[in-house]
Amino acid sequence: MWWPTGFAMRWNRGHGNRYNMEKLLQIEDLKINFDMLVGTVSAVDGVSFHINRGETLGVVGESGCGKSVSAMSLLQLIPMPPGELISGQAMFEGQDLFKLSKEEIRKVRGNRISMIFQEPMTSLNPVFTIGHQILETIQLHQGLEKKAAKEKAVEMLRLVGIPEPERRLQEYSHELSGGMRQRVMIAMALSCDPALLIADEPTTALDVTVQAQILELMLDLQKKNNMSIMMITHDLGVIAEVADRVIVMYCGKIVESADVRTIFHDPLHPYTRQLMESIPTLESNQGRLKEIPGTVPSLHNLPVGCNFQPRCARAEAGCRLKKPSLKEVKPGHLLACDLVAEAL
Amino acid sequence: MNQKLLLQVQDVKKHFMLNRTSLFGPRERVYAVDGVTLDLRPGETLGLVGESGCGKSTFGRTILRLIEPTSGSINFNGQDISHLKGKDLKKLRSQMQIIFQDPYSSLNPRLNVLSIVGDALKAHGIAKGSEIQDRVADILEKVGIHREKMRAFPHEFSGGQRQRIGIARALILKPQLIICDEPVSALDVSIQAQVINLLADLKDEFQLSYLMIAHDLSVVNHVSNRVAVMYLGKIIELASNRALLANSLHPYTQALISAIPVMDPDRKKKRIILQGDLPSPINPPSGCRFHTRCGKVMDICKTTEPKWVEIEPDHYTRCHLYEACRPAG
C-alpha cells in the first residue's frame, strides 16, 4: 500500500522552512459583513495574515469565529449579497484576489488555489461519476485531451491511495465510503498542482483512524509539490500534528498568532490557554475539567470591549473599555490582549 | 460477580433485514450488533467507543428497547426486559433515559421547554398542574437553565443550553440509567467541558449510571470507569480506563489510541496507520472481523473467530494473539 507503516508526519515543521520564507499569500485588513434579519453582522473583522510557500498555516476557532468565511472569500465563494467585502486585499502571485473578475478567479480556483471541504458527501456531485468531476477540472485548467486527462485522473486517484482507480472513475460518490470520498476530493484538489490548498475541516466528518490516513496523505503530497496548506479546524490535536504556524480566531478577529511550538508550549491569550485546559486528553484523569464559562457570543450581539472578556478568567474593568488590537509582543508572536501584553 | 448488576446484556444481536435486490434473491442482513455481552454496575460509567457504523448507537437504543433486539437477553435490575410490552415497558422507560447527540434536532421546535421537559411527568402520571412547573423549574436549575426560561422555545437557546435541556428531559423522571449517545460531539470545543462536568455532577447528585457512547476516546476515557471498544458489531476489548490506555491489547484498540492527535507538537508518537476502511456490516469478514486491516494478522484470524478471554482481572479481549490465556466466564 502507499502509506508507510511508520509515522512520517513531521518533516516540514518550523525550522524546516527557514530557508524558504517567500510569502505566497498576504491578506491585509480583511473585513466581511453579512446582512441578516437582525441587522448587519461582522463575520470577519480586520484580519491580516500571510502564508509562506511550502508552509502549513493552522487556523483554529469555534463555530462562527470567521475562519471558514475568511478562507472562502479568497476564492470569491461568499455570495454577495448577503455578504459584503468592506475592506481588504489578498495578494497572491502578484494579483489581488478580491479584484479579479469572474473569469479571472475561475482560472485561479481549482488551479492555483484548491479547496477541500468538510463534508465529502455534499461536496461531490451525486449525479455525475467521480471520473466526470475530476476530468472536468483537469480539462478546463490544463487544456488536456480527454484521453490524456483520463490518464492524469487515474494517476491522481492512485496517488491518493484509491485501489482500482480505473474502475472508480465510473462510480458515483454514493458508492464510496467517507474516507474514499475525501480522498477523491483531495485528488481533485491536487490534480492541477495548486500552490495553495485550503482545507476546511477536512477530517472532522471522518473517524480518527481514517483521519490519520488523510492527514498523512496531505502532508506527503505537500512535500512532493512544495505546496502551502491553510488548515482550518477546531481540533487542536490536528493543529499540533500538522501546522507550522497557527492563528487562533475568536468572534471574527485573530486573538493570537505564533509558530506551533509557541502556541502549545507558551500560549499567551487567555482564550488559547483556557481552551487548551478545557479539552480532555488521554492523559487527563477523571478530575473536573476547567471549563470556560458562558457561550460563544452571537455576532449580532457582541460584548463591549474585548470579545472574550465576559468569559475570560483574567478580565478586569479595563477589558470592557476598548477592543484590544493585535500587536507583536515577541518576534513572530502576535497577541490581541492588552492585559497580558502589558505584563510581559 | 458478587456485586449486584444494574444492567446485564447477554449475547444481544440486532440484524436489520434489507430489501431483496432481485425477485427471488436472498434478503441480505446488516449485522449491526452481533453478539454483545456487557454488564453495568450501579453507579458506574461504562464507555463504549468505536468508529461510525460499528453499531454502538444501535446497541444503546436496543438496550432502551427503542430498537427491538433480534436475539439475546437484556436484564435490568434482575428483570429480563427484552420482551416487555405495554404497561410494563412504559414503566421501564422512567428508569432508563437517553441523551441524544444533536441538540438541534432532538428538541421539538414547536414545544416550549416546560412541555419538552415536563410532558414525561404527565405521561407517567407522576405530577399534575402546578406541580409539573415546580419540578421542571427545579430540574432546569440543576442543569443550569434559569427557571424564567421555562416558557421559551428551543430556538432561543444556544447549542450548549439545548443540550442542557436534553439532559433535564432525561433526568426529570429520576432514572437509574442514562444512555448518553455522543453527548458532546456536536458542541463547540469550549462548551464540551461544561457539559462533561455537568454530567459528572449530576451523576453524583442523582446516583446515576451512564452508558457513554462516543467516537472520541479522549472524552470517553475521561468520564468512564470502564471502557468497551466496539468493532463491526462486536466488543473487541473491555478494560478499566487506565488499563485500556496503559496496556491496550487488541491491535485495533492500539491503532485507535495511536490515531488520536496529541496536543503537543514535540511529542513524537509512534503511529499505527490502519489500512483501508471499515468493512461493510452486510458482509462482515470471516474469522476475526478486524483481520482485513490488522497489522498482526495470522492465518488463523481469517478462518476462526477468536474467543473472549480475560487476560487480567477485568481486562478482556477478543484476539488470537492472546488465545493461550484462559477463556472468560
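From first to last, the protein sequence lines stand for chains Z and W.
Counting from 1, one number per residue, gives the positions in the first sequence under this note's numbering.
Counting from 1001, one number per residue, gives the positions in the second sequence under this note's numbering.
Don't be surprised by glycine CBs; every beta carbon is placed ideally from N, CA and C.
Bear in mind that the values here come from a model prediction, so they are computed numbers and not experimental data.
Identify the continuous alpha helix (DSSP H) that holds residue i and give its terminal residues.
{"i": "G131 (chain Z)", "result": "130-142"}
{"i": "N1221 (chain W)", "result": "1217-1223"}
{"i": "N1112 (chain W)", "result": "N1112 (chain W) -> no alpha helix (DSSP H), and no H or E assigned at all."}
{"i": "L1334 (chain W)", "result": "An answer regarding residue 1334 (chain W) cannot be provided, because it is not within the stretch 1001 to 1329 covered by chain W."}
{"i": "N1197 (chain W)", "result": "1189-1206"}
{"i": "T295 (chain Z)", "result": "Counting along the chain, T295 (chain Z) falls outside any alpha helix (DSSP H), and DSSP gives it neither H nor E."}
{"i": "A71 (chain Z)", "result": "67-74"}
Is residue i close to chain Z, meaning its C-beta is less than 9 Å from at least one C-beta of that chain?
{"i": "N1221 (chain W)", "result": "yes"}
{"i": "N1197 (chain W)", "result": "yes"}
{"i": "E1407 (chain W)", "result": "Any property of residue 1407 (chain W) remains undetermined from this structure, which presents chain W solely from 1001 to 1329."}
{"i": "Q1207 (chain W)", "result": "no"}
{"i": "P1285 (chain W)", "result": "no"}
{"i": "D1216 (chain W)", "result": "yes"}
{"i": "G1127 (chain W)", "result": "With the sequence shown as reference, residue 1127 (chain W) is identified as Ala, and Gly is not the correct amino acid for it. A1127 (chain W) does not count as touching chain Z."}
{"i": "K1203 (chain W)", "result": "no"}
{"i": "L1007 (chain W)", "result": "no"}
{"i": "G1160 (chain W)", "result": "yes"}
{"i": "S1057 (chain W)", "result": "no"}
{"i": "D1277 (chain W)", "result": "yes"}
{"i": "E1310 (chain W)", "result": "no"}
{"i": "S1258 (chain W)", "result": "yes"}
Considering only their Cβ atoms, is the gap separating residue j from residue i smaller than 9 Å?
{"i": "L999 (chain W)", "j": "Y1210 (chain W)", "result": "No answer is possible for residue 999 (chain W): the residues shown for chain W start at 1001 and end at 1329."}
{"i": "K1142 (chain W)", "j": "L1171 (chain W)", "result": "yes"}
{"i": "T1304 (chain W)", "j": "H1250 (chain W)", "result": "no"}
{"i": "I113 (chain Z)", "j": "I186 (chain Z)", "result": "no"}
{"i": "T272 (chain Z)", "j": "E291 (chain Z)", "result": "no"}
{"i": "D244 (chain Z)", "j": "T56 (chain Z)", "result": "yes"}
{"i": "G1072 (chain W)", "j": "Q1010 (chain W)", "result": "yes"}
{"i": "P1069 (chain W)", "j": "K1014 (chain W)", "result": "yes"}
{"i": "G94 (chain Z)", "j": "H141 (chain Z)", "result": "no"}
{"i": "L124 (chain Z)", "j": "Q133 (chain Z)", "result": "yes"}
{"i": "L326 (chain Z)", "j": "A315 (chain Z)", "result": "no"}
{"i": "V361 (chain Z)", "j": "L221 (chain Z)", "result": "Any answer about residue 361 (chain Z) is impossible in this case: the structure gives chain Z only from 1 up to 344."}
{"i": "I263 (chain Z)", "j": "V242 (chain Z)", "result": "no"}
Any C-beta of chain W sitting closer than 9 Å to the C-beta of residue i?
{"i": "L275 (chain Z)", "result": "yes"}
{"i": "R314 (chain Z)", "result": "no"}
{"i": "L215 (chain Z)", "result": "yes"}
{"i": "N301 (chain Z)", "result": "no"}
{"i": "H333 (chain Z)", "result": "no"}
{"i": "D266 (chain Z)", "result": "no"}
{"i": "D200 (chain Z)", "result": "no"}
{"i": "E241 (chain Z)", "result": "yes"}
{"i": "N307 (chain Z)", "result": "no"}
{"i": "T209 (chain Z)", "result": "yes"}
{"i": "P270 (chain Z)", "result": "no"}
{"i": "V69 (chain Z)", "result": "no"}
{"i": "H50 (chain Z)", "result": "no"}
{"i": "S114 (chain Z)", "result": "no"}
{"i": "E291 (chain Z)", "result": "yes"}
{"i": "R245 (chain Z)", "result": "no"}
{"i": "A195 (chain Z)", "result": "no"}
{"i": "G6 (chain Z)", "result": "For G6 (chain Z), the pLDDT reaches just 40, beneath the cut-off of 50, and the residue's location in the model is therefore unreliable, leaving the point undetermined."}
{"i": "I279 (chain Z)", "result": "yes"}
{"i": "E365 (chain Z)", "result": "With chain Z running from 1 to 344 in the structure shown, residue 365 (chain Z) is simply not present."}
Just to confirm the assignment, what range does the beta strand (DSSP E) spanning residue i have?
{"i": "A343 (chain Z)", "result": "Unbroken run through A343 (chain Z) is the alpha helix (DSSP H), 338-343; no beta strand (DSSP E)."}
{"i": "R1289 (chain W)", "result": "Taken as a continuous stretch (DSSP letters only), R1289 (chain W) belongs to no beta strand (DSSP E), as it is neither H nor E."}
{"i": "E1237 (chain W)", "result": "1234-1240"}
{"i": "H333 (chain Z)", "result": "333-335"}
{"i": "A258 (chain Z)", "result": "253-259"}
{"i": "D953 (chain W)", "result": "One cannot answer for residue 953 (chain W) here, as it falls past the ends of chain W, which runs 1001 to 1329."}
{"i": "Q1163 (chain W)", "result": "Premise fails: Q1163 (chain W) lies in the alpha helix (DSSP H), 1159-1171, not in any beta strand (DSSP E)."}
In chain A, what lies closer than 9 Å to residue i by C-beta?
{"i": "A1228 (chain W)", "result": "Of the chains in the structure shown, none is chain A; the protein chains are Z and W."}
In the segment 1115-1152 of chain W, which residue ranges form an unbroken alpha helix (DSSP H) of at least 4 residues, counting only runs that do not cross its ends?
1129-1142
Short of 9 Å Cβ to Cβ, which residues in the segment 1168-1194 of chain W face chain Z?
D1188, V1189, S1190, I1191, Q1192, A1193, Q1194
Members of the segment 251-264 of chain Z that neighbour chain W once the beta carbon cut-off is set at 7 Å:
V260, R261, F264
Please give the ranges of any alpha helix (DSSP H) in the segment 148-211 of chain Z, keeping only runs that are unbroken, at least 4 residues long and fully inside the region.
165-168, 178-190
Under 7 Å (Cβ pairs) to chain W, residues found in the segment 168-191 of chain Z:
S177, G179, M180
Every unbroken beta strand (DSSP E) within the segment 22-51 of chain Z, with a cutoff of 3 residues, ordered by chain
23-36
Short of 9 Å Cβ to Cβ, which residues in the segment 1244-1256 of chain W face chain Z?
L1245, Y1252, A1255, L1256
Using a Cβ-Cβ cut-off of less than 9 Å, list which residues of the segment 130-160 of chain Z approach chain W; keep chain order.
none
Interfacial residues, the segment 1262-1275 of chain W to chain Z, with Cβ spacing under 9 Å
V1262, M1263, D1264, P1265, D1266, R1267, K1268, K1269, K1270, R1271, I1272, I1273, L1274, Q1275
Which of the residues in the segment 1110-1124 of chain W, read from start to end, lie with their CB under 9 Å from any CB of chain Z?
none
Could you name the residues of the segment 73-96 of chain Z whose beta carbon sits closer than 7 Å to any beta carbon of chain W, in the order they occur along the chain?
none
I'd like the ranges of any beta strand (DSSP E) spanning at least 3 consecutive residues and lying wholly in the segment 82-123 of chain Z.
83-92, 113-116
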